[in-house]
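Following: one structure in C-alpha cells, then a few remarks.
6 protein chains.
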Amino acid sequence: MKNDPFFEPVSGAVLPRFAGVPSFMRLPVVEDNHDRIGDVDIGIVGVPWDGGTTNRPGARHGPRQLRDLSTMIRATHPVSHISPFKMVNCADMGDCPINPADLNDTMERVTAFYKDVKSRGITPMTAGGDHLVSLPVLRGIASDAPVGMIHFDAHTDLFDSYFDGFKYTHGTPFRRAIEEGLLDPKRVVQIGIRGTMYDGEDIEWGRANGVTIITMDEFADQTIADVMKQARSIVGDQPTYVSFDIDCIDPAFAPGTGTPEIGGFTTREAQLLVRQLKGLNLIGADLVEVSPPFDESGNTAWVGVSMMFEILCMLAVAVDQRN
Amino acid sequence: MKNDPFFEPVSGAVLPRFAGVPSFMRLPVVEDNHDRIGDVDIGIVGVPWDGGTTNRPGARHGPRQLRDLSTMIRATHPVSHISPFKMVNCADMGDCPINPADLNDTMERVTAFYKDVKSRGITPMTAGGDHLVSLPVLRGIASDAPVGMIHFDAHTDLFDSYFDGFKYTHGTPFRRAIEEGLLDPKRVVQIGIRGTMYDGEDIEWGRANGVTIITMDEFADQTIADVMKQARSIVGDQPTYVSFDIDCIDPAFAPGTGTPEIGGFTTREAQLLVRQLKGLNLIGADLVEVSPPFDESGNTAWVGVSMMFEILCMLAVAVDQRN
Amino acid sequence: MKNDPFFEPVSGAVLPRFAGVPSFMRLPVVEDNHDRIGDVDIGIVGVPWDGGTTNRPGARHGPRQLRDLSTMIRATHPVSHISPFKMVNCADMGDCPINPADLNDTMERVTAFYKDVKSRGITPMTAGGDHLVSLPVLRGIASDAPVGMIHFDAHTDLFDSYFDGFKYTHGTPFRRAIEEGLLDPKRVVQIGIRGTMYDGEDIEWGRANGVTIITMDEFADQTIADVMKQARSIVGDQPTYVSFDIDCIDPAFAPGTGTPEIGGFTTREAQLLVRQLKGLNLIGADLVEVSPPFDESGNTAWVGVSMMFEILCMLAVAVDQRN
Amino acid sequence: MKNDPFFEPVSGAVLPRFAGVPSFMRLPVVEDNHDRIGDVDIGIVGVPWDGGTTNRPGARHGPRQLRDLSTMIRATHPVSHISPFKMVNCADMGDCPINPADLNDTMERVTAFYKDVKSRGITPMTAGGDHLVSLPVLRGIASDAPVGMIHFDAHTDLFDSYFDGFKYTHGTPFRRAIEEGLLDPKRVVQIGIRGTMYDGEDIEWGRANGVTIITMDEFADQTIADVMKQARSIVGDQPTYVSFDIDCIDPAFAPGTGTPEIGGFTTREAQLLVRQLKGLNLIGADLVEVSPPFDESGNTAWVGVSMMFEILCMLAVAVDQRN
Amino acid sequence: MKNDPFFEPVSGAVLPRFAGVPSFMRLPVVEDNHDRIGDVDIGIVGVPWDGGTTNRPGARHGPRQLRDLSTMIRATHPVSHISPFKMVNCADMGDCPINPADLNDTMERVTAFYKDVKSRGITPMTAGGDHLVSLPVLRGIASDAPVGMIHFDAHTDLFDSYFDGFKYTHGTPFRRAIEEGLLDPKRVVQIGIRGTMYDGEDIEWGRANGVTIITMDEFADQTIADVMKQARSIVGDQPTYVSFDIDCIDPAFAPGTGTPEIGGFTTREAQLLVRQLKGLNLIGADLVEVSPPFDESGNTAWVGVSMMFEILCMLAVAVDQRN
Amino acid sequence: MKNDPFFEPVSGAVLPRFAGVPSFMRLPVVEDNHDRIGDVDIGIVGVPWDGGTTNRPGARHGPRQLRDLSTMIRATHPVSHISPFKMVNCADMGDCPINPADLNDTMERVTAFYKDVKSRGITPMTAGGDHLVSLPVLRGIASDAPVGMIHFDAHTDLFDSYFDGFKYTHGTPFRRAIEEGLLDPKRVVQIGIRGTMYDGEDIEWGRANGVTIITMDEFADQTIADVMKQARSIVGDQPTYVSFDIDCIDPAFAPGTGTPEIGGFTTREAQLLVRQLKGLNLIGADLVEVSPPFDESGNTAWVGVSMMFEILCMLAVAVDQRN
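Protein chains in written order, with the numbering used here: chain A, 710 to 1032; chain B, 710 to 1032; chain C, 710 to 1032; chain D, 710 to 1032; chain E, 710 to 1032; chain F, 710 to 1032.
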C-alpha cells in the first residue's frame, strides 16, 4: 500500500532532525517480530561487521553513524521528485545479528537473516560493515539463480586470497560469489576501479570470467550517460544487485574508509551514476565501508546516507514496478 | 515488578554493543503511547534543546550522542553492586518535544511533558540540553511544593538576567525556580562552584536566600564524605532533585561543553560525590550541558553517561524505597 | 580617496600574517565612533548570530574564525589584478550588536546598524552568522525600494515557516524579504539549489513569484558563462545584493556548516561564478553559515574568506563605478 | 655487555627527534636474522593485532604509532637515574608476524615468535595490539612453569567467553592462561579494576582461584606504597610478568583505547605504581590496547611509550640482576 | 588611576563573548603610538615566535589562539576576589615585532620592545611563543641588575647547547640568562621538573650555580603551601620574574604543546601554586609554549589564558603595591 | 640489476601493511654506510626541515608521516602497469641530516648529502620539508650545469626576499636557484599558480627571465595534454628536475599544508599531469610542504605518497632509459 502513514518518516516539524532515537531516515523500526513486518517493501538493514577487513578496521561502527546522519535526509528527491517513502513501505529493520569473534558464524547469521528477508518479499538496502558483508547477503537473496550486479568501487574485490590462502576478506567477496554461482559474471559491471595494484591478477581473472571492468581512466574518457548505458545493457532486465563501496568516491569527499584511493568520483559524479539505475530490475543494494573511527565528524557518513537515499529511490521504482 | 525481562537492556551477548538502534543504555523505548508505559518506574528522557545558551551552543545534540555512548554501559555497579535495571523498570522515553525557534513554546512543551511523567508516577532522569532545561522540568515535577536540590556545577546558575534584562538563559534557571517556589532555597546545595566571576551578585543573592554554596576551594579543604554529609543534612529526607552539569567536571575529562572552567572535579571525585546520594528521597535528576560539536570523539558523552548510570543507581534505590 | 595609507592592510613584511590582533584582512578597525568612519567606502561587518538555525548551530562563532583566517589574504587578485584595498577605502567595522537570547531584539539591532551603515554611504560586506542575518541586513539597506539579488546557495531559503508556524529561521529570510518588498522577486536569481526536499513548496512559491531558480542540475548542464550571463541579465543595472551561503560549495571543500548537501560547487566553480559579478550595481553582500564548531581546523573559514575577497573585489569595482 | 655503542639510541644531537625511520626509542632494529641478535638482552616487539577486540577496534595500529611517539623518549630516568640503554642491550625486534584474518593462526605465530625470543635468552617488552596478545606471549615464554603476574587494568580479563561461547577475546586471556597453567593464580595481582559489570562472575572466578584483585576503590583507600608492597609480596622473587593495559589509566589521559572506563589512574599514579616493580624477577612485560584511530593526536601513544620506558627501566634492572 | 573606564574589558552584556575583534581579555588595544600608552600599568604582549623550538613547532600561533579564548575570561577572581582590571590599568599592547626567518634579528627586536615597555613603567605579561622568548624579554627588563625568578616548567631550560653547539633554543634561555647576569641563580626556583633526561647535565649545572630545582617528585612529597613558602623565601622581596611554561601542566589538561611530559600538575595544582605568588615584588611574567596546531580545539589555550588571569591578579597586586 | 629481491618492498602477504617499522613504500633502508648502497638506482630521501616557512610550520614532520602512509602503496601502477620496484633498485635512504636551529648549516648539510647521492649515481626522490629544501638539493645535484624544471605549485616561489631582505625562505628557492645558475629559467615551467598576490613582482621577474608560468586559470582553459605538451617541449630532452608542492592540489584534497589556496588541482588532475612526464630526462624530484600538524588524519600524506608513487614511476622510466 502506498502512502501508509505508519511508514512515514518522523517529520522535522514534529521533532527536529537532531532529536529522537535515530533510526534510518527516521523510519519506523520494524524488526522481524513486529506486527507490521508483513507490510514492509524495502527494509534498511545494518550489518555492523568488519571481520573481513585486512588493514584499517572500524566499518563495524558504520550503521550506527549512518543512522545518526540519516536523520538529516528529507522526503523527496530534488531532481526526479521521487518520494520513496510514499511510493513504497520503507522501514529500518535494525541490525542483522553478527558475531565479531567468529567469521564463519557471522557469515551464517547474515545469510540466514537475508534468506528470511527474501522469503518475506522484502527488498533489502544494506548498510555495512565492510565489503565482505556482500557475500552472505548474496547467499541469502541470490540462492535461486545467479544475479547481475552493478558495482561502484575503487577495487574489484575479486582477489583470490590474502595472507597465504585466506579466502574470506573484504577483497574477495565477488570472486567467491562468482565461484558459488551467486553472481553471473557476464552480468557484472564494476565502475571506478583504480589505485596501485598488487599484480593485476584480480582484473585478469575478472575479465577472463566475463566481468566488465571500467577503470577510473576508462570512465573519465566517456560521458556518464555512455558508461551507464553500457552498464544497463550488460545487466539487462534480469534481477540485479547494486553494491556501492564508499571508497569509489574520492577521499576528499569521503575520507572515513579503510582503503582510500585518490583520484575517485566526486559526489556529483556518484549521484549522476546512481540516477541512471532507474528502471532496472533491482533486487537489493548495499552501501559499505564507511568507517567512523577514520572520520569522527560524520562527513563521510553524510555522503554515505545521501548516496543511500539516491539508491533507495531507484529501489523504490523497481519495487513499484514489480508490485 | 522487579526483574521484568521486557525492561532488561539488550545484552551484549545477543547484539554487540556497537550494533543496533541506540536507545539509552539499550533499554526499551517506551513513549507515552506505548502499552507498557504504565509499568515504567524510571524514564530516561532527552531534552535536545540549547535555547538558553549564551555563548557556545551545541547541547541540543547532547541526547543523541549520549544515547550512542550509553550502549557501552553494562548492567551492574562495580562498587555498590546495584543493578538498577533489575531493581526497577527503566525505559528510554524518547526525546521531549521542543521548538528550537521559540523559547517560550519550548518551555511550555517541556513542562507539559514532565507534568505527564509525574502524573504517571514515573521518576525522570533527564539528559540535556543546556541547563535552562532544568527550569521547565522543575515546573513539571515540583509544582505541588518546593523541593530540595543537590546541584553539581561550576556555576551557580543563579544569575538574574543577561543582555539587558533577558530572564531565561542557562545561567538563570535556579533563580527563577526559587522565585517561582519550585525550589526551597534552604534545601539547595551547590557544589563545585568556580571560575572567574562577573561581580559575584549571583553568589550573594543565593546565600542571602539561604542557598548553601560550596565552592571548589571549600570542597578541596574537606573530605568528600564531609561535604556530602553536610549536603545530605541540608536536603534531609524530603523530596530532592539532583542536577548535574557536566562542566562541574574538569575540562580535561569533559571538554565537550559550552562554558568550561579549569580546576574542576576529576571523574573519580564526581563518582564518589554521587555515590553519597544513596538513600535520599530523590524525585528526579538531570545531566546537562554535554555539547557534541565541542567533542566529536564522544569522550565527554562517555563521561556523561557514566555519571548518568551512577545517578540512575541512586534513583533506583530511591524508587525502590518508595515502592 | 584611493590609496589612503590609513586603509592599507598591515603588511606581512611588517608583522607576519600569524601575528597581531586579527581584524578582517588586516584592515584597520573603524567602528562608528572612529574619527575616520566618514572615509570608509566598504565596511566589513561581522554578525555573530545563529538564532535562526533549525538544526546544527555554531554560525555565531563564524566572524571570529573568519577574521583569524582572513589574515592570510594578500592584497591583489591573481586574475583580475584588482587591489580592492587600493581602489577604495575598506575597513573592519567590528561586529554588529546582537542579543543571543532574543530573536526580535537582534533583528532590530541588526537593522538599525545597517540603516546607519547605509546612511553613511558605506557599502557593507557582511560575515555571518546564519542566513537569517540577511533579512535584517536587507531591512537596513533596501528599505527605499526593492533590490535585486544574486544568491548562491544549496537551499532556496524561501520556506514559509518551521515548527508549526514559526516565521523567522535561516530557511525563510528571502520569503520574508520578498513579502516585505525588500527584494524584487523578478530580479532574484538563486544558483546551486540541491539536496533532498521536504515537498518543494519553497521552489514552487519562488517560481510562482518570479524568482529564477537554477538548480545544481540545471547549472551543470550549462557553462558558467551562460549561467552568469542569464543572472546578469535578470538583475540588470539596478541595485543588487549578493548573498553567498557557504553551503553552496560542496562539503568536501567546506564541511564546517550546518546544513551540508553533497554534489555542490567546487571552490574553482565558485570563484568563476563570483568573478562574473563584475560591473553589476552591487550595493552589499554577505557570506554566511560558516560554523566553526563543525570545522575547528579553519579550512572552511579559509574557503569563506577566500570567497569574501573575491566578492570584495566585485564590490570595490561597483563602489568605484559609483564614486 | 654494557654500554655497547651499537645498542645506543640515535642521539637527538645527531638527528632531531622528529627525523628518521622511527624504531622503538630510536634503538637499532635487530630482527631474528640480524647478526647482532645474539647480543640482545631486551627486545621490544610489536604485535599489531586486534583480533580479540569485541567492541571498538584499532589496536592493530598501536605499534606503529607507539614507535612514532617513542622517538621523543630520552636516555635516562628522571628519578631513578636508570639508563636502560646503557645497562643492558635493548633493540627493536620489529613486529611479530600475525594473520589479521585468522585468530588461531595468529595465536600460533605469536607463540612461536616468543618461544624463539625466550630460547635466545631475550626478555621481551611487547607493544600491542589488544589484550588477547598476552595469551600467546605467555604461551611462548611461560611454558616451562606457571609464572606470576602484576596486571594493571580497568578490567580483569578473566571472563569465560563472549557471544555464546567464544573463548578467545581481549576479555578472556588470563582465564585461559590460568586454565592452561601459564599463570599461577596465587601469584597474580590485578590493580585498577573498575567500570560497570556484566554480572561479576569474572571477579568471583578470579578470587575463587586465588587471584588478588585490587579494585580502583580499594586502591584509593590505600597508599601506593602499601598497594605495591602487597603486590610484591604476592609475586615474591619468582618469575613474574607485567601486563599493562593502557585503559587502567583514566581516559582523560589516555582516550585512545577501545574500552575506556572513567575514574582511572592518573599518569602520575601509574608512574609511581610501576616504579615499585624495581628488583622483582621480571621476565617480560607488555603494554596493550592503544588504539590510534580513537586518538589520532598521538597523545595516548605518548602516555603509552612513557609508561613503556618506565617498565623498561624495571626490566633492565631485572635483566641486570640475572646477568 | 584605578577604575578608569577606558581600561575596562568590553562587557559580555554589551557584546557577547563570542563577538568582536578578540583582544586579550577584551581589553583595549593600546600600542606604543596610542595616546593612552602613558596610562598603562600592565601590558599584555604577544610574542608570536617559535624560532627556538627543536622539535614540534607551532607556538608562533599561540598569541592568536590565546586572544581568542581569553574573551571567555570574566572580571573578578573567584577566590581572592581581585579585579585586576579595576585595580590597575591593563591593556593589550599587540604583538611584539619579530622576524620568523632570523633568530638574532628577532631577539634584538624583542629586547628593544621590552626595553621600551620598561622605560614606560609598564609591567609586562607576555604570551608566547616558545620558551626562548623569555631570554630577550629578560634582556629588556632585567638589564639593570639580576632578578629572581619563579619558574613553572617540566624542563629546566638550562641546557648548554643543541645540535653541536647551537646556543639559542627553547631549552637554553635560562642558562644564557644566568650567564649574562640577567638572572641571579641563587634567586631562581624551578618547580615541576620531570621527564626523561638526556644526561642530567642541565640539572647539575643549575644546582652547582645555586638554582633551586624542585622536581615533580619532590613537589609531590610536600604540600603546595610548603613548596611555595620555600620559593617565596628564596626570591625574597627583590624584583622577581615569573615564567610559566604550559608544559608544567599535565598533557591531559594541556595537550597543545611541543614537548609534553606525563605526570604533570593538574590545573588545580597550578592555580594553587600561582595564588601563592601574592605580594611578591613581581616585575613581569610570561606564559609560553601553547602550540595551537597540536590542539585545534582551543582547550589548551583556555587553560593558558585561565592561568594568565591567575598570574595577572598577582601582577596587579604587585603593581598596586609599588604604586 | 632489475628484479633484485633485496630491493623488493615487504609484501602485504608476509606482513600486513599496518605492521612493521615504516620505511618509504616498505623498501629496504639503505643508508650511505650500507653495503648495498652501490646498487641503489633511486633513493627516497626525507628532508625533515621547515626552516624556510614564513607562516604555518610543521613540514619538518612530513617525512615521518609520509613513510607511515606510504606503507599502503602497492607494487604496480594501475594505468601504465609500471612496476618501479622491479624496473630499478629503489631504497629508502633515511633522512638527510639537518639542523633545525641553523638555516645555513642545514643548507650545507643538505647540499653535501645530495652531492654524495649524485656522486653515487643515485637519482633522488625527496620528501620534504618545506619548499626551501629544493634549493640545497639543486645545489647538490645541479652544480655542473643548469637544469630544467617542471614545477607544480600554487605559488611561484620566485620571490626576492621576506621580512626586510631575508633571502632564504620557502617563497624564494627558485629565484635563488636561477640566480645561482642551478636552473635554466628558459627551461623552467610552473603550473598551477594561483592565490591572492602581494604585488605580482615574482611573476614579472620570472617571466622577464624566461620562466614559463601557467596559472590555474590558464591551465583551466586548456586540456591537460596540451599543457603538458607545452611543458615537455620547453624542457626538452635535457636533464630536468620535478618539484611538486602539495599545495598545488586543492586544500579539500590536501588540507595539511602551510599555505593553502582554494581552486587548485583535483588529485585526478594531478595524476594526469604527472603521467605526462613519461620519457623526460628526469634527474630527480621532490614532493614538499606536507605539514602533519595541520592534518593529523594522514589524509594529506596519503595524497602525498600517492603522488610520490606516480612520480617514482616516471623516474624509474628515466633511470631505465639512462641505464
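All residues carry an ideal CB built from backbone N, CA and C; glycine is no exception.
Query, Result
"Arg896 (chain E), enclosing beta strand (DSSP E) - first and last residue", "892-902"
"Outcome for Gln931 (chain D) when other beta-carbon atoms lying within 10 angstroms are tallied against a minimum of 16", "exposed"
"First and last residue of the uninterrupted alpha helix (DSSP H) at Gly915 (chain A)", "910-917"
"Within chain F, partners of Ala784 (chain C) - CB distance below 9 Å", "Thr905, Met906, Tyr907, Asp908"
"Rounded C-alpha distance that separates Val846 (chain D) from Thr820 (chain D)", "6 Å"
"Identity of the residue in C:Asp956, C:Asp811, C:Gly837, C:Cys1022 nearest Gly972 (chain C) by Cα", "C:Asp956"
"DSSP-derived helix/strand/coil call for His860 (chain C)", "strand"
"Length at least 4, wholly inside the region 928-969 of chain D: the alpha helix (DSSP H) runs in chain order", "933-944"
"Chain-ordered residues of the region 749-771 of chain D with a beta carbon less than 7 Å from chain E", "none"
"Close Cβ partners of Val1014 (chain E) (< 7 Å) along its chain, the five nearest in sequence each way excluded", "Leu775, Leu778, Ser779, Ile782"
"Residue ranges of each beta strand (DSSP E) within the region 726-778 of chain E, 3 or longer", "751-756"
"Where the beta strand (DSSP E) through Leu812 (chain A) begins and ends", "Per DSSP, Leu812 (chain A) belongs to no beta strand (DSSP E); it is in the alpha helix (DSSP H), 812-828."
"Cross-chain neighbours of Gln980 (chain F) in chain A, by beta carbon under 8 Å", "Ile971, Gly972"
"Pro969 (chain E) versus Gly1007 (chain D): straight-line alpha-carbon distance, rounded", "11 Å"
"Cα-Cα separation, Thr878 (chain B) to Thr815 (chain C)", "16 Å"
"Nearest candidate by alpha-carbon position, reference Gly897 (chain E), set E:Ala886, E:Tyr907, E:Gly904, E:Arg903", "Residue identity check: residue 897 (chain E) is Val in the sequence provided, not Gly. Ranking the options by Cα distance to Val897 (chain E), first place goes to E:Ala886."
"Beta-carbon contacts of Ile791 (chain E) that lie in its chain and below 6 Å, excluding the five residues immediately before and after", "Cys1022"
"Coil, strand or helix - Thr865 (chain D) by DSSP", "coil"
"Min CB distance Pro787 (chain F) to chain A below 7 Å", "yes"
"Span separating the alpha-carbon of Thr763 (chain C) from that of Thr921 (chain F)", "51 Å"
"Where Ser1015 (chain B) meets chain D, residues with beta-carbon distance less than 7 Å", "Ile971"
"Short Cβ contact (7 Å threshold) for Val856 (chain C) with Pro948 (chain C)", "yes"
"Cβ neighbour criterion (16 or more within 10 Å) applied to Asp744 (chain B)", "exposed"
"Boundaries of the alpha helix (DSSP H) in which Asp1029 (chain A) is found, first to last residue", "1008-1031"
"Simplified DSSP state of Pro787 (chain B), which is helix, strand or coil", "coil"
"Contact residues within the region 718-746 of chain B, judged by C-beta distance below 9 Å to chain A", "Val723, Leu724, Pro725, Phe727, Ala728, Gly729, Val730, Pro731, Ser732, Phe733, Val738"
"Inter-residue Cα distance where the pair is Ser843 (chain B) and Val756 (chain E)", "44 Å"
"Pro1001 (chain A), buried or exposed, once every other Cβ within 10 Å from all chains shown has been counted against 16", "buried"
"Length of the line joining the Cα atoms of Ala768 (chain E) and Pro809 (chain E)", "12 Å"
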